[in-house]
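Undergrad: Have a look at the structure that comes next, please.
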Amino acid sequence: MAGEVDPAGFDRAVLAMGLARIARHMEVVADELNALDGQLGDGDLGVTMVRGSRAVAPALDDLPPDLGKALMTVAQGFTKSSGSSFGTLVATGLLAAAKELKGRERADWSEVSGLLRAAFKMMRTRGKAELGDKTVLDTLDAAATATVGCDSGPAVLDAARRAVEDTMDRMRDAPAKIGRARIFGEKSVGLDDPGMLAFRRILDGLAEG
Amino acid sequence: MAGEVDPAGFDRAVLAMGLARIARHMEVVADELNALDGQLGDGDLGVTMVRGSRAVAPALDDLPPDLGKALMTVAQGFTKSSGSSFGTLVATGLLAAAKELKGRERADWSEVSGLLRAAFKMMRTRGKAELGDKTVLDTLDAAATATVGCDSGPAVLDAARRAVEDTMDRMRDAPAKIGRARIFGEKSVGLDDPGMLAFRRILDGLAEG
Amino acid sequence: MKKILNDPYAYVDEMLAGLVAAHPEHYRLHGDSGRVVARATPGRQGKVGIVSGGGSGHLPVFTGYVGKGLLDACAVGDVFASPSVEQMADAIRAADRGAGVLRLYGNYGGDIMNFDMAGDMVEMEDIATTSVILADDVPSAGPAEADKRRGVAGMVYAFKIAGAVAEAAGTDLAAVTAAAQRAADACRSVGCALTPCTVPQAGKPTFEIGETEMEMGMGIHGEPGIRRGELRPADRIAEEMMDILLTDRPVGGTGRVSVMVNSLGATPPEELYILYRVVKARLEGAGAEIVMPLVGRYATSMEMAGVSITLCHLDADLEGWLEAPAECAFWKV
Amino acid sequence: MKKILNDPYAYVDEMLAGLVAAHPEHYRLHGDSGRVVARATPGRQGKVGIVSGGGSGHLPVFTGYVGKGLLDACAVGDVFASPSVEQMADAIRAADRGAGVLRLYGNYGGDIMNFDMAGDMVEMEDIATTSVILADDVPSAGPAEADKRRGVAGMVYAFKIAGAVAEAAGTDLAAVTAAAQRAADACRSVGCALTPCTVPQAGKPTFEIGETEMEMGMGIHGEPGIRRGELRPADRIAEEMMDILLTDRPVGGTGRVSVMVNSLGATPPEELYILYRVVKARLEGAGAEIVMPLVGRYATSMEMAGVSITLCHLDADLEGWLEAPAECAFWKV
Ligand SMILES: Nc1ncnc2c1ncn2[C@@H]1O[C@H](COP(=O)(O)OP(=O)(O)O)[C@@H](O)[C@H]1O
Ligand SMILES: Nc1ncnc2c1ncn2[C@@H]1O[C@H](COP(=O)(O)OP(=O)(O)O)[C@@H](O)[C@H]1O
Ligand SMILES: [Mg+2]
Ligand SMILES: [Mg+2]
Ligand SMILES: [Mg+2]
Ligand SMILES: [Mg+2]
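Protein chains in written order, with our numbering: chain A, 1 to 209; chain B, 1001 to 1209; chain C, 2001 to 2333; chain D, 3001 to 3333.
As structure tokens, this is what we get:
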């Protein structure tokens, strides 16, 4: 953090700091995620997030300056550490963002919305889910939309968190239509989708000091 | 039963009558035998005796006049109907007696002791048990000894029953040394040997009108 | 549910260590993850590779079927959990003999995502891949949504048939893929569970069921079935299962059918043979001729009690491939 | 203990009906009792016959091992009960190809009596018989009373070895009997039970055991073992079992040993492989070289959970016979 603060954008140092915050927060919320996933699936979502972040941690201190390569490195942590759907989706989203930022050492906060959109698209292709299926995709789509035009870190984060929260409230009573939760059918009504909650907790982690 | 009564001996008619009585009595005591065998083994001794007697029943009305052949027929009922040890031992004892009586249509009651002795010997060879192992052999040996010189049906039966009863009282607190009961070791102490009880119930059946 | 194990988190790694130690003539570990099993003696250069993968706890599925005339390699996940993308990519690499690799596995979202992503990864290494996904579990979705059905024991037929085609000289990736797809399309399965099993890391049974109950149509991970009720006599269970299978796809075509009566784990072969009487009678009553019946433990859920029945509707090609020689530690044809 | 069956009294007959219906190329019923299984294709004229028999509920033991290079015929009793004398005599007749018949079975009083008596019966028909009785279950009696030990999974090695010798041209009854005796002498087994099983006709478990207990040395019908206690980790269970086996008979001679890690029924292969790591390490640590390890379900007690380990100490002859080809529905060598 020797450089000056750049309120309009981020580089690998800011990225590393954000990832470290997320990693710390995942340790805190792991049980909560496991428990919710356990009600509708196999109860490993917290484990997935913790393993993934821990796999990434050693690389944070010297991420490549190229933001694309940096995000690739982070994605690999998730493809290696676990076979759970959410880990693969996270890796897929990171790869999509990585492609967008390839060759660049700095990006504007105003680009984040586009990165979220890119991640959303590739994750939708990978998982073959649709909007409305009550998956992490619904919150990601909402976040991408809500952050359009946000040009500071706090603005982006704020808008994204609000959008995710609203989406979760809106969809809580819908039935899950994909993944393990689908087989529980009606049981998913009234319960949050675990993947949505995980995304929310990622944003919470970024917001924590 | 058209012929005169022969107080000194028996033929196939007397044999058939005796077997019919035993068969009837086995139906009565089956549960008792199963229960005792169940405490020390597989609980099938009553079933074995009932199946065996039922298998013999159809042949009783025209047993061959040759007492040897008649006893062979009875033995076969037991070798076919079940694989349980006691069934095979009964068949073995019957075969031994059959060999002794081969070619004869009548035998003296005074010969019964010798027949029991022959049965005892062949059953001992077959089962490789020794006197004192707490099996049917101990009662059979006692009955063979006690009936020496008895020359009427009632005398034979009386002596045999008393000998069996005494032997059971004497051996009740000994541990079983052979068969399934052996593996229960100390548990057999204080319990009658199921095979001894079966022999006693056979004699009881003969004594019943 | 008592289990013989050490650290639940070491369950799969120790299991694989024992597997390759016991059968070094069949299996070897490939790569760094410790979770890829490949043939001890690789197929000939130029052979189309066949790879499978999925969660552990189903032996012989998946890993057990690595062998000549069957799979080339397999990625092994934790119990009932998908292998990672990296492990799947490694398995594809292990299976590659220069003629491309067929990914042949069951219809589970996580496995599909991961195998797809693994395919993208090896594409950059110039390994061509195709996919055939088994979706044979009839009760898991209606005929209109047949592509949502889960993949269960029909997998074994697909491994066998695709494996035979890949072994034959001069067959390319398209041919092996097409044959695998025909095998997948030919299979219909139904399961019936009597007891759950326990995932070692979870430490508790996958579901609850009464002392005298059974659940018809239940999935191999304890996915809910279509009817729960009192345990019925064997013959009625077999009748109900055959009804489900023959309603979904009646005997037709050549009339030649292979049938698998499979224990989900704890159910002993004695009970499978009792069921087989009715299965055979029903098939013959429907005009079928039974080819190579398989009765035993071919696709399991550890110590779950229950059975599954799979029909593989054959044509002359499929029948020939099914009967071609094959060999792994669990099955020799 | 849930079971898939119809009338418990029809269990064995229906099981056999299914067995021969599923594998007509291997098995046929012989005689009137419906309880004698013989090879579908009898051995050559002049071959020494090998017959076994005993209670049902142990598949593949006994009936399953009828086949080329194995048994010629088998008498099948009710579950855990001896076949009748007549059935055994019929099985001997079915096995006879004019060169006499070896009776090869386990050390249980009822079976011995019945097989002896059956031998007497067929003697009158000029069929010569010999007997070799397996007594491989180490914990069932001390070394001084080794002849009182029960017969368990070692049987499978004896079937295999005697079967190979009988198949070879020019071997007579004495040679086959001697080889079988050598095989029987070479085997040592120990079992460890986690749960009981249920005899269909009895309808209740063979014994009771706590939710977290195991019993070391327990017999395959639930005969009491030598130590009951808390379920231990897999590695410690394997260590204890290997201690028992290697104390009774250390590795010696050629140092070549075959080992069977056998599920008693419900215990899945995953757990057997976890155990196998330690079994192998212990054997190699004792200077042994492992030949043809067998990991699977070779001798069971229906749905009992637990394992047995059998060592077969080999010499060059035994090793050759063990590896000779053989084939039945449950095992191909
Ligand atoms: N095909 C899919 N498309 C989009 N999101 C998915 C898909 N499958 C699962 N998810 C998301 O992942 C979450 C579950 O993740 P995870 O627990 O890792 O799954 P599993 O353990 O079943 O592999 C779900 O709550 C959902 O948000
Ligand atoms: N080897 C033997 N020698 C003499 N008697 C025996 C022998 N084995 C069993 N018995 C007798 O048979 C009785 C048990 O008979 P049964 O219930 O038919 O045995 P199982 O069911 O174990 O085959 C025992 O109580 C004993 O009296
Ligand atoms: Mg999950
Ligand atoms: Mg998961
Ligand atoms: Mg009994
Ligand atoms: Mg009995």
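All residues carry an ideal CB built from backbone N, CA and C; glycine is no exception.
Can you determine whether any heavy atom of ligand 1 sits closer than 7 Å to the C-beta of Met-123/A, and answer yes or no?
TA: To locate residue 123/A, count along the first sequence from 1; it is residue 123. Yes, the Cβ of Met-123/A comes within 7 Å of a heavy atom of ligand 1.
Undergrad: Report yes or no: do three or more beta-carbon pairs, one from the region 1136-1154 of chain B and one from the region 3136-3153 of chain D, lie closer than 8 Å?
TA: no
Undergrad: Using a C-beta to C-beta distance shorter than 7 Å, which residues of chain B count as neighbours of Pro-3250/D?
TA: Stepping through the fourth sequence from its first residue, residue 3250/D is reached at position 250. Result: empty, since nearest Cβ-Cβ is about 28 Å, beyond 7 Å.
Undergrad: Between Ala-129/A and ligand 1, is the CB less than 7 Å from at least one heavy atom?
TA: Along the first sequence, read from residue 1 onward, the residue named residue 129/A stands at position 129. Flag set: Cβ of Ala-129/A near ligand 1.
Undergrad: For Gly-3100/D, which residues in the same chain have their Cβ closer than 8 Å to its Cβ, ignoring the five residues on either side in sequence?
TA: As a working note, residue 3100/D is residue 100 in the fourth sequence. Val-3048, Gly-3049, Ile-3127, Ala-3128, Thr-3129, Thr-3130, Asp-3172, Leu-3173, listed in sequence order.
Undergrad: If you measure from each CB to the nearest heavy atom of ligand 6 and keep those under 5 Å, what residues do you get, in chain order?
TA: Asp-1042/B, Asp-1044/B, Ser-1084/B, Ala-3081/D
Undergrad: Any idea which residues DSSP pairs Tyr-2027/C with across the strands?
TA: For the purposes of this step, residue 2027/C is taken as residue 27 along the third sequence, with counting starting at 1. According to DSSP, Tyr-2027/C bridges with Arg-2039/C.
Undergrad: For the region 85-147 of chain A, list the alpha helix (DSSP H) runs that are entirely contained and at least 4 residues long, ordered along the chain.
TA: 85-101, 112-127, 136-146
Undergrad: Ala-3326/D lies in the beta strand (DSSP E); which residues open and close that run?
TA: Numbered from 1 along the fourth sequence, position 326 holds the residue referred to as residue 3326/D. Element bounds for Ala-3326/D: n/a, residue is neither H nor E.
Undergrad: How would you list, in chain order, the residues of chain D whose beta-carbon sits under 8 Å from the beta-carbon of Asp-2243/C?
TA: The count along the third sequence starts at 1 and reaches residue 2243/C at position 243. Those within 8 Å of Asp-2243/C in chain D number zero; the least Cβ separation is about 17 Å.
Undergrad: So the candidates are Gly-3210/D, Ala-3168/D, Arg-3150/D; which of them puts its Cα closest to the Cα of Met-2392/C?
TA: Since the first residue shown for chain C is 2001 and the last is 2333, residue 2392/C is missing from the structure and cannot be characterised.
Undergrad: Looking at Lys-134/A and Asp-193/A, is the spacing between their C-beta atoms short of 8 Å?
TA: Locating residue 193/A in the first sequence gives position 193, where the first residue counts as 1. Locating residue 134/A in the first sequence gives position 134, where the first residue counts as 1. Yes, Cβ-Cβ distance for Asp-193/A and Lys-134/A is below 8 Å.
Undergrad: Just how far apart, CA to CA, sit Trp-3361/D and Ile-178/A?
TA: Here chain D covers residues 3001 to 3333 and nothing more, so residue 3361/D does not appear.
Undergrad: Which word fits Tyr-3273/D, buried or exposed, when buried means at least 16 other C-beta atoms lie within 10 angstroms of its C-beta?
TA: Taking the first residue of the fourth sequence as 1, we reach residue 3273/D at position 273. Answer is buried; the Cβ neighbour count reaches 16.
Undergrad: Is the Cβ-Cβ distance between Glu-3208/D and Gly-3069/D less than 8 Å?
TA: Counting from one through the fourth sequence, the residue named residue 3208/D turns up at place 208. Counting from one through the fourth sequence, the residue named residue 3069/D turns up at place 69. No, Cβ-Cβ distance for Glu-3208/D and Gly-3069/D is not below 8 Å.
Undergrad: How long is the line joining the alpha carbons of Ala-2/A and Val-14/A, rounded to whole angstroms?
TA: By 1-based counting over the first sequence, the position of residue 2/A is 2. By 1-based counting over the first sequence, the position of residue 14/A is 14. Its pLDDT being 46, under 50, Ala-2/A is placed unreliably in this model, and the value from its coordinates should be taken loosely. Taking the straight line from one Cα to the other gives about 12 Å.
Undergrad: Give me, in chain order, the residues of the same chain whose beta-carbon lies closer than 7 Å to that of Gly-3046/D; leave out the 5 immediate sequence neighbours on both sides.
TA: Position 46 of the fourth sequence, counting from 1, holds the residue named residue 3046/D. Excluding sequence neighbours, Gly-3046/D sits near Arg-3097, Gly-3098, Ala-3099.
Undergrad: Counting Cβ pairs closer than 8 Å, one from the region 2086-2094 of chain C and one from the region 2055-2067 of chain C, do we hit at least three?
TA: With a cut-off of 8 Å, the region 2055-2067 of chain C and the region 2086-2094 of chain C do not count as touching, because too few Cβ pairs lie within range.
Undergrad: I believe Gly-52/A touches Gly-77/A by the beta-carbon criterion, under 8 Å. Please report the beta-carbon distance rounded to the nearest angstrom.
TA: As a working mapping, residue 52/A is identified with position 52 in the first sequence. As a working mapping, residue 77/A is identified with position 77 in the first sequence. That pair is a contact at about 6 Å.
Undergrad: Within the same chain, show all residues whose beta-carbon is closer than 8 Å to that of Ser-2033/C, passing over the 5 residues directly before and after it, in chain order.
TA: Translated into positions along the third sequence, residue 2033/C becomes position 33. Ser-2084, Glu-2086, Gln-2087, Asp-2090, listed in sequence order.
Undergrad: Using a Cβ-based criterion (distance less than 7 Å to any ligand heavy atom), does Asp-1037/B qualify as near ligand 2?
TA: Within the second sequence, numbered from 1, the residue matching residue 1037/B stands at position 37. Yes, since a heavy atom of ligand 2 falls inside the 7 Å radius drawn around the Cβ of Asp-1037/B.
Undergrad: State the Cα-Cα distance for the pair Met-1049/B and Ser-1081/B, rounded to the nearest angstrom.
TA: Here residue 1049/B corresponds to residue number 49 of the second sequence, with the count starting at 1. Here residue 1081/B corresponds to residue number 81 of the second sequence, with the count starting at 1. Looking at the two C-alpha atoms, the distance is approximately 10 Å.
Undergrad: Quick one: which chain B residues come within Cβ less than 7 Å of Phe-3207/D?
TA: As a first step, residue 3207/D is located in the fourth sequence; it is residue number 207 there, counting from the start. Going along chain B, no residue has its Cβ under 7 Å from Phe-3207/D, so there is no contact; the nearest lies around 12 Å.
Undergrad: Look up Thr-2195/C in the DSSP assignment and say whether it is helix, strand or coil.
TA: Against the third sequence, residue 2195/C aligns to sequence position 195. Coil, per DSSP.
Undergrad: Going straight from the alpha carbon of Pro-3269/D to that of Ala-2305/C, what length do you get?
TA: For the purposes of this step, residue 3269/D is identified with residue 269 of the fourth sequence, where counting begins at 1. For the purposes of this step, residue 2305/C is identified with residue 305 of the third sequence, where counting begins at 1. Roughly 15 Å separates the two Cα atoms.
Undergrad: Let's see if you can read the secondary structure: which residues bound the alpha helix (DSSP H) around Met-2121/C?
TA: As a first step, residue 2121/C is located in the third sequence; it is residue number 121 there, counting from the start. In the DSSP assignment, Met-2121/C falls within the unbroken alpha helix (DSSP H) covering 2109-2123.
Undergrad: DSSP three-state call for Gly-1077/B: helix, strand or coil?
TA: Stepping through the second sequence from its first residue, residue 1077/B is reached at position 77. Helix.
Undergrad: Mapping DSSP to helix, strand and coil, what is Val-1189/B?
TA: In the second sequence, residue 1189/B corresponds to position 189, counting from 1. Secondary structure of Val-1189/B (DSSP, three-state): coil.
Undergrad: Under the DSSP definition of a beta bridge, which residues are partnered with Val-3138/D?
TA: Counting from 1 along the fourth sequence, the entry for residue 3138/D is found at position 138. In DSSP, Val-3138/D forms no bridge with anything.
Undergrad: Looking only at its own chain, which residues have a Cβ that is under 7 Å from the Cβ of Arg-2228/C, when we skip the five neighbours before and after it?
TA: Walking along the third sequence from the start, residue 2228/C turns up at place 228. In its chain, beyond the 5 residues on either side, Glu-2213, Glu-2215 have a beta carbon closer than 7 Å to the beta carbon of Arg-2228/C.
Undergrad: Please state whether DSSP places Met-3216/D in a helix, a strand or coil.
TA: Taking the fourth sequence and counting its residues from 1, one reaches residue 3216/D at position 216. Note: Met-3216/D maps to strand in three-state DSSP.
Undergrad: Using the beta-carbon count (16 or more within 10 Å), is Val-3061/D buried or exposed?
TA: Taking the fourth sequence and counting its residues from 1, the one referred to as residue 3061/D is at position 61. So Val-3061/D ends up on the buried side.
Undergrad: Output needed for Gly-2031/C: all residues of its chain with C-beta closer than 6 Å, excluding positions within five of it in sequence on either side, in chain order.
TA: Translated into the one-based positions of the third sequence, residue 2031/C becomes position 31. Excluding sequence neighbours, Gly-2031/C sits near Asp-2090.
Undergrad: Around the Cβ of Arg-1024/B, are there at least 16 other Cβ atoms within 10 angstroms (buried) or fewer (exposed)?
TA: Within the second sequence, numbered from 1, the residue matching residue 1024/B stands at position 24. Under this definition Arg-1024/B is an exposed residue.
Undergrad: May I have the straight-line CA-CA distance separating Val-3020/D from Tyr-2027/C, to the nearest angstrom?
TA: Translated into the one-based positions of the fourth sequence, residue 3020/D becomes position 20. Translated into the one-based positions of the third sequence, residue 2027/C becomes position 27. If you take the alpha carbons of Val-3020/D and Tyr-2027/C, they lie about 33 Å apart.
Undergrad: Could you tell me whether any Cβ in chain C is nearer than 8 Å to the Cβ of Ile-202/A?
TA: Within the first sequence, residue 202/A is the residue found at index 202, counting from 1. No - not a single Cβ of chain C is within 8 Å of the one on Ile-202/A.
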